[in-house]
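In this text, residue positions in the sequence shown follow our numbering: the first is 360, and each later residue adds one. Every residue, glycine too, gets a C-beta built ideally from N, C-alpha and C. Keep in mind that this is a model prediction, so the values were computed, not measured. Note sheet for the following structure.
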Amino acid sequence: MSSETTNTRPAAVATRQIENERVIVTEWRFAPGAHTGWHRHEYDYVVVPMTTG
C-alpha cells in the first residue's frame, strides 16, 4: 500500500487503560477503514477483538 493511500485513511485511537510494572493495557478504537500505521511491539501482546451488533 502506498503512503499516499495510507495517509487518507483515518488513524485508530489508542487509550491507555492500565500501565504498571507487569502489564500495559491499551484500548484501540477503529473507525471503518482506520489503521494503526507502522509500529513495533516492544513486549509480548494479546489482541482481543470486540465488536458490537
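Under three-state DSSP, which class holds residue i?
| i | result |
| --- | --- |
| R399 | coil |
| V372 | strand |
| R388 | strand |
| E380 | coil |
With residue i and residue j assumed to form a contact (beta carbons below 8 Å), what rounded beta-carbon distance in angstroms separates them?
| i | j | result |
| --- | --- | --- |
| G396 | P369 | So it is not a contact: roughly 11 Å between Cβ atoms. |
| F389 | A371 | 5 Å |
If you compare alpha carbons, which of the options is closest to residue i?
| i | options | result |
| --- | --- | --- |
| T385 | H394, R399 and Y404 | Y404 |
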